[in-house]
Structure formats: C-alpha cells, structure tokens
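Residue numbers (the working numbering): 1 to 575.
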C-alpha cells in the first residue's frame, strides 16, 4: 500500500492550513517544490504503517522537528464513487471539520494540509500533527482490564470522568459523532493518568446550530454503550451516565431536560438500553456472515474437490498441511485422537505455522445419511454452522475456541464430509471431568470452588441469552473449564446447536436450561441446593421479581422430564 501512496502523492494538489502557510520551516519539512516528501521518507525507512486497507491507509512519520500522520482515503467500489460525485472529498471534509471543532474548543487532530489526486477517480489525503502521549480508548481500557481492581481503580475513575466531561461538552456545543466508538476516541495521558479525550475520524461528525436535542444525545450515548456493554461492568457504565447527567445539569441547568424527575431519568436509561440492544443486533447480524466471504479477515480457498474458508492470519503452508492431514495413522507425539464415531472424528494436534506453534482441534463431520448432501443445499451443515456460529460468538464476546478454517469435500457438486479447525483451549477439561477434579478437594475448599463454578456457568448462560443466542444442545460436556491465575473460565464448544436470534423467547431459554439440567439428574456432585443457586444467579438474584425463580424451577423441571422420557424411548444415554 505504501508504494501506491508514493505513486499517488506526486499528483496531489495541496491546500495548506494557516499554520503551514505562514511557516516556512513546516512547509519545507513537508514539501519539496509542492510535492509531499513521502518517497524520501520511504527511502529513509521512517514511515510506519498504522492502518492499511482497501478504503484507507494511515501512516505515522517522525520528522526532525515534529511527527505527522498521513491519511490516504481511497475510492473503492461504485457506491463510494457515486457518493464522491455529490459531496466534497473525505479529506477536505475532515480538514474543515477539524478547524471548526478546534474553534469550538473540542479536542481533535491539528490539520496541516489536505489534497486530492488528479484523475477520474481521485484519492484524497490529509496531513495532521501526531497526537503525543495518546492511545485509542479501547486499547487503554483493555490495558486496565489486565490490571487488578485496586491497581486500575484511579485510572478507571479518571477515564470515566474525562469521557463524561468530553461527551457533555460535545453535545452542549452542538456536535454529534455518528460513528462514536472507542477506536475513534483517543485517551491523552499525563503522568500515566488519563487527562482528556480527543476525537478522531471526523468525516461522520455533524455540527448543530444549537445544543444537541436529547433524543439524538441518547442515540449517541447508546452507540458508545454498544461497545461498553461487552467490555465494561454495569457499575462503570452507570458511573459514566451519572457523571454525564451531572455535567449537563451543571452547565445547562436542571430544567434543560427533566433531570429533576427520577422516574424520567430511569425511563431514559431503559430507552438507551433498547437503542443499544437494537443497534448491536443490527451490527452483529451484518457481521455474522463475513466469515463466509473474501475480506481482510477471512479468505476462501479451493483445492481440487475441497472448498472452504480460513482466517487470513493462518499461513498458507499450515493450511495445506491441515488439508492433506492423514488421521488414519492413529496417535503420534503431535496427534491425539480424542473421539472417533460413525458421525464424527475429533483430533488434538500440534502444527507449526511459520514461527508460531499452533495447538489445534481438528473435527471431521461425516455425512452419515444419503440425504445429508442434498439437505446441505437448503440449510447449513454441521461444519458450516460451527464455523459461522463460532465467529458469531466471538463478535459477541462470548468465550469459545476461535475457528481457524473450515472446508468440505465435494462429490458431484454436493458437500459430503466437513472439517472444522479451531484453536485448542490450553489445559481445559469438560464440565463433568472438572467436577470429578473438584471431588478430590477437601472441605471447605471443595464447596468454595464448586460455588464459584456454578456462579460462573450461570453468568455465562445468562449473558449468552441476554445477547439473544441459544444453544439447543447445552449439555455438560459442551462446556469446557480452564483455569488461569486462580481464575476459572467457562467456554462454549460444539456449536452445531447454536443459533442467533433477534429476540430470544423464554421457552427457548428454558429448553437450554433444561438440557443442561438433564445432564445432572443423577449427579452426586450437583445437589438441588447448587441447582437453586445456579438458577438464582441466572435470574440475577431477584432483579426480575422475588418469586420468579419458582415459575422457572417448575418449567425447567417439566422440560427436563420430557427430555429424559424422550431419550429413554430412543435408547440414547443422557450426556
């Protein structure tokens, strides 16, 4: 991408900011006879690529006097071209917007110049000062999550307060960012503490003549909360709301909106939650099938009678080795057969991918019935379902092993056998084996570990259902347990029975819970007390009503009875 940028900048006509037009030193540092010095910087090997893609590339270039960022906007596809015909270029719009925002006192980039290339389909460029001591909000928050609560508390508190002050000032001055996500917000730090928030990617910014109406503010806050719902605790999200409302009251008055009415305030939180949920559902549904296409994260491949998909960071040689893998030789030092049946084969293996040693799970799903290849024309088969649902869960921040590749063997144009490759969870046990491990502990440690496990499983399933995801085959072996640094983590596996919904009805939730309950009907490890503790945790300890658990208990018990009777009739054991 750097070569295409170097070729294009030679034909760009630049418009300079007042700061550059009035300063010979800056002009000479950036340009030579009106041409950007980008090829020279490439030769000097000082160009660092921050982001590179079909639509844009962003570079950081350290110069002797100052550092700059260069953003190269490309026109990709007919829709982008038609949009460009009826509006100013992205770089010009971002340049003007940055000057307007700085005039309003909103922290943002300091633009130096913008320009467009010649030709029928022009690319546009914008140069700005590098923002010192600043990192993206999502990276900063992730770093805090890796610290202990005590270590991160001050930073977390200061960050939330700075974000609330920034958002309130933004809306008070009539500014709305229609693509408000953490990647477009930078956290500037002083003495390793967050001091202020800086806004990037200004093309989607809109400026109103007056302060932003409340309905639009809610939509804007819901857009940010869409990310926070998956990465921040409810307490941190409510703290942001609290600080934001206090800022609005302080600068716009309690009567600007109905902040004096606590019932109105509660209603606004409910509305914002609904807006955030609807926006997330639309976003996720638009992402769910990206893993079946050709893009920067996923690739299609074809080998003779094999067609499939893989993640873009999986090496070509590693993929070829996996496709050509012979599993008939049995166990070897690098290959261990975990399961072999008429319908599927599961293998644990270690494989080198360049300098990376990958520990993988190889699952082959056989077409056991003559109609299976025909049915695959009308509905996703097991391998395709596991591939799409695996990435759908990852998008929703639900723990599952990352799928790396999936393919099918074709005969007469029909899918026959399917294979899915996932990462292996280090040192993980399925739930029944982990319970046997707990049985070996002495009291009171045994009870403490069991209670933590029950609460973790309940929390995960509740989160899964809150995100409108169901797992039809939620039996205990399909939950894996891993330990890291004394912390227990639950993973969802065998995703053939997973479905995503726009709205998940209570009957489907109860079926999932009953399927898990049927795994422990005759269990000595999980008593009715622990089952009740699980249900109360799932129902958030009475937040949905003090006696709601009784109705759920009866419904789950009834459905569990149906499941037991069905398996007894078919002769299939309960897992």
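Even for Gly, the Cβ is constructed at its ideal location relative to N, Cα and C.
All values reported here derive from a predicted model rather than from experimental measurement.
Rounded to whole angstroms, what is the Cα-Cα separation between residue i and residue j?
i, j, result
"residue 540", "residue 228", "20 Å"
"residue 423", "residue 114", "45 Å"
"residue 485", "residue 352", "27 Å"
"residue 278", "residue 26", "47 Å"
"residue 281", "residue 396", "10 Å"
"residue 497", "residue 475", "11 Å"
"residue 438", "residue 446", "6 Å"
"residue 357", "residue 133", "35 Å"
"residue 214", "residue 398", "33 Å"
"residue 491", "residue 359", "17 Å"
"residue 572", "residue 413", "34 Å"
"residue 371", "residue 120", "53 Å"
"residue 156", "residue 176", "24 Å"
"residue 576", "residue 135", "In the structure displayed, the chain extends from 1 to 575; residue 576 sits before or after that span and is not available."
"residue 267", "residue 219", "14 Å"
"residue 10", "residue 38", "9 Å"
"residue 346", "residue 448", "33 Å"
By Cβ distance below 6 Å, which residues in the same chain neighbour residue i in space, the five residues on each side in sequence not counted?
i, result
"residue 107", "196 and 198"
"residue 50", "58 and 60"
"residue 194", "158, 159, 162 and 187"
"residue 95", "111, 114 and 126"
"residue 208", "174"
"residue 430", "477 and 480"
"residue 97", "202 and 205"
"residue 434", "481"
"residue 462", "538"
"residue 297", "312"
"residue 460", "490"
Assuming residue i contacts residue j (C-beta within less than 8 Å), just tell me the rounded distance between them.
i, j, result
"residue 458", "residue 537", "4 Å"
"residue 301", "residue 308", "6 Å"
"residue 247", "residue 211", "Not really, about 12 Å apart at Cβ, beyond 8 Å."
"residue 182", "residue 137", "4 Å"
"residue 334", "residue 314", "18 Å between Cβ atoms; not a contact."
"residue 426", "residue 482", "7 Å"
"residue 488", "residue 456", "6 Å"
From the DSSP output, in three-state form, read off residue i for me.
i, result
"residue 191", "coil"
"residue 229", "helix"
"residue 370", "coil"
"residue 428", "coil"
"residue 179", "coil"
"residue 551", "helix"
"residue 117", "strand"
"residue 264", "helix"
"residue 43", "helix"
"residue 136", "strand"
"residue 558", "helix"
"residue 386", "helix"
"residue 321", "helix"
"residue 504", "coil"
"residue 522", "coil"
"residue 11", "coil"
"residue 166", "helix"
"residue 637", "The displayed coordinates of the chain run from 1 to 575. Any statement about residue 637 would go beyond what the structure contains."
"residue 57", "strand"
Short of 7 Å in beta carbon distance, which residues of its chain neighbour residue i, apart from the five on each side in sequence? Order them along the chain.
i, result
"residue 420", "363, 383, 386, 387, 403 and 406"
"residue 170", "106"
"residue 17", "111, 112 and 113"
"residue 415", "373, 376, 381 and 408"
"residue 152", "144"
"residue 65", "25 and 29"
"residue 276", "222, 225, 226 and 229"
Should residue i be labelled buried (16 or more other beta-carbon atoms within 10 Å of its own) or exposed?
i, result
"residue 264", "exposed"
"residue 418", "buried"
"residue 123", "buried"
"residue 118", "exposed"
"residue 238", "exposed"
"residue 519", "buried"
"residue 546", "exposed"
"residue 324", "exposed"
"residue 378", "exposed"
"residue 116", "buried"
"residue 304", "exposed"
"residue 436", "exposed"
Spatial neighbours of residue i within its chain, please: CB distance less than 8 Å, with the 5 preceding and 5 following residues excluded, ordered by chain position.
i, result
"residue 68", "30, 60, 61, 112, 127, 128, 129 and 130"
"residue 465", "504, 509 and 512"
"residue 564", "518, 521 and 574"
Checking contacts by CB at 9 Å: is residue i closer than that to chain B?
i, result
"residue 373", "Annotation note: the requested chain B is absent from the structure, which comprises a single protein chain."
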